[in-house]
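Residue numbers (this note's numbering): 136 to 309.
We treat Cβ as the ideally placed atom computed from N, Cα and C, and that holds for glycine.
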């Protein structure tokens, strides 16, 4: 998901029992304070995404921690049903994810600093390298066309082509 989509994700958009989420909004912060939720930029960006078993487990734990935090701060919590809110329950600013969460974790792990969006690229590349159909990857990313996905991730295509020709050789025999 894009950062703005994650920060606009509401608990009502997630079905942990079925194992999917629905991307319905993106958040935009307004100069001078405040924010608005609006539909994603394209119809394809409004999409359903299947959740992995790990993601479901992590979201369940996150929900429990969020409930505990809400009880701790009491009336200061402003419930907007957000999955990834700021400390008071409102929409978090995108740069706070890097400053408060991602950057310290990367430094602690001794990893290079990356942009938040690089996580999206990494996930797409890994899925394509695992042989996941580009149409599925495109749908998960919310790209308007499969060609956009293939153009963006063309760096993995040479390996995929080698794998495809090796599969043909196996199928047809030596």
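- Straight through space, the alpha carbons of residue 271 and residue 297 are spaced by roughly 21 Å.
- Assigned with DSSP and collapsed to three states, residue 247 falls in coil, not helix or strand.
- The distance from the Cβ of residue 183 to that of residue 157 is about 5 Å, consistent with a contact at the 8 Å cut-off.
- Contact annotation: the stretch 254-272 touches the stretch 280-291, with at least three C-beta pairs closer than 8 Å.
- Under DSSP, residue 162 shares a beta bridge with 172.
- When the alpha-carbon of residue 217 is set against those of 181, 245, 300 and 141, the nearest one is in 141.
- Per the C-alpha coordinates, the member of 168, 188 and 169 positioned closest to residue 150 is 188.
- The beta carbons of residue 257 and residue 288 sit no closer together than 8 Å.
- Taking a 10 Å sphere around the C-beta of residue 242, we find fewer than 16 other C-beta atoms and assign the residue as exposed.
- Bridge pairing for residue 184: 156 [DSSP].
- Taken in chain order, the whole alpha helix (DSSP H) runs of length 4 or more contained in the stretch 264-302 are 269-276 and 281-287.
- Distance from the CA atom of residue 299 to the CA atom of residue 255, rounded to whole angstroms, is 25 Å.
- Distances from the CA of residue 169 to each of 225, 285, 301 and 268 were compared; the closest alpha carbon is that of 225.
- In this structure, the CA atom of residue 286 is about 41 Å from the CA atom of residue 214.
- Within the DSSP bridge table, the entry for residue 145 names 217 as partners.
- With a cutoff of 8 Å on beta-carbon distance, residue 238 and residue 246 are scored as not near each other.
- Out of 180, 161, 137 and 147, the CA that lies nearest to the CA of residue 172 is found in 161.
- With fewer than 16 other Cβ atoms from the protein chains shown falling within 10 Å of its own Cβ, residue 193 counts as exposed.
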